[in-house]
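Visitor: Numbering of the sequence shown is given in the working numbering, commencing with residue 20 and proceeding in unit increments.
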Amino acid sequence: MMKFPAAMLALAVFAAPAFAAPPDIAAVEGLWLTGKKDAGVELYRCENHPEELCGRLHWLGIKDPSPNEEKGQDIKNPDKKKRGQPLCGMQFVGGFEPDEDGSFSSGWLYNPRNGFKYSGRITPQGKDKLLLRGYIIISAIGEEEVWTREPRLPECRKK
20 MMKFPAAMLA
30 LAVFAAPAFA
40 APPDIAAVEG
50 LWLTGKKDAG
60 VELYRCENHP
70 EELCGRLHWL
80 GIKDPSPNEE
90 KGQDIKNPDK
100 KKRGQPLCGM
110 QFVGGFEPDE
120 DGSFSSGWLY
130 NPRNGFKYSG
140 RITPQGKDKL
150 LLRGYIIISA
160 IGEEEVWTRE
170 PRLPECRKK
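Written out as structure tokens, the structure reads:
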């Protein structure tokens, strides 16, 4: 019978806490203020895939739209049938799955400012901050933004 060396057992026991457990979707559900503080997002369990994280626009702080923008409408959507739909309540985050490293990945982020859909990663930074990284193809080439939990945000009205 082969004996398991005590040093290996100790290493296995003490190294185990170094690996993060998959995040719980419930811990990030709720309202979040974007990094630019111009929008509020509601993160929730996806209706058809409750093991995934989704998000919709809860509040929109457009103050001065450019002459080419319609206030509160998705005018840059690549799908011409969806152009002009209200941004309020629109899902623009979806498919994020919990990872073993404590983040959410494999999801997508839609940016109504330019009509592009990005791959993304959401990493909790404590209880009240999220680091979002959006990118196309390679994560190293992308942008980050920190969202802050905001328990009370006005709700936008669908037009």
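In this text, a Cβ means the ideal position worked out from N, Cα and C, and glycines have one as well.
The structure displayed is predicted, hence computed values, not measured ones.
Would you kindly work out how many angstroms separate the C-alpha atoms of T167 and K99, rounded to a whole number?
Guide: Straight-line Cα distance between these residues: approximately 33 Å.
Visitor: Shortest alpha-carbon distance to V60 belongs to which of P97, P42, L128 and Y137?
Guide: Looking at the Cα atoms, L128 is the closest of the given residues.
Visitor: Could you please give the first and the last residue of the uninterrupted beta strand (DSSP E) stretch that includes I94?
Guide: Note, I94: premise wrong, no beta strand (DSSP E); not H, not E.
Visitor: When you compare the CB positions of L52 and E169, do they come within less than 8 Å of one another, or not?
Guide: Going by C-beta atoms, L52 is nearer than 8 Å to E169.
Visitor: Could you give the distance in angstroms between the alpha-carbon of G139 and the alpha-carbon of I44?
Guide: So the two alpha carbons sit approximately 16 Å from each other.
Visitor: What first and last residue would you give for the beta strand (DSSP E) that runs through L50?
Guide: G49 to L52 is the extent of the beta strand (DSSP E) around L50.
Visitor: Classify A159 as helix, strand or coil using the three-state DSSP reduction.
Guide: A159: coil per DSSP, three-state reduction.
Visitor: To the nearest angstrom, how far is it from the Cα of Y154 to the Cα of F115?
Guide: Spanning the two alpha carbons is a distance of roughly 14 Å.
Visitor: In terms of DSSP beta bridges, what is G153 paired with?
Guide: Partner(s): G139 and E162.
Visitor: Just tell me which of R171, C73 and T142 has its CA closest to the CA of E164.
Guide: Of the candidates R171, C73 and T142, the one whose C-alpha sits nearest the C-alpha of E164 is T142.
Visitor: Given a cut-off of 8 Å, decide if S122 and P42 are closer than it, judged by their beta-carbon atoms.
Guide: Contact flag set, yes.
Visitor: I need the boundaries of the beta strand (DSSP E) containing S124, first residue and last residue.
Guide: Taken as a continuous stretch (DSSP letters only), the beta strand (DSSP E) holding S124 covers F123 to N130.
Visitor: In the DSSP assignment, what are the bridge partners of G59?
Guide: Answer is L52 and W78.
Visitor: Mind checking R46: buried by the 16 CB within 10 Å criterion, or exposed?
Guide: Residue 46 is actually Ala in this sequence, not Arg. Its Cβ having fewer than 16 others within 10 Å, A46 is exposed.
Visitor: Let me know if G145 comes out buried or exposed under the rule of 16 or more other beta-carbons within 10 Å of its beta-carbon.
Guide: So G145 counts as exposed.
Visitor: Locate the beta strand (DSSP E) running through G114, then write down its first and last residues.
Guide: Here the beta strand (DSSP E) through G114 covers Q110 to P117.
Visitor: For K101, collect the residues of the same chain with a Cβ closer than 8 Å to its Cβ; drop the 5 residues on either side in sequence, then sort them by chain order.
Guide: These residues qualify, in order along the chain: D93.
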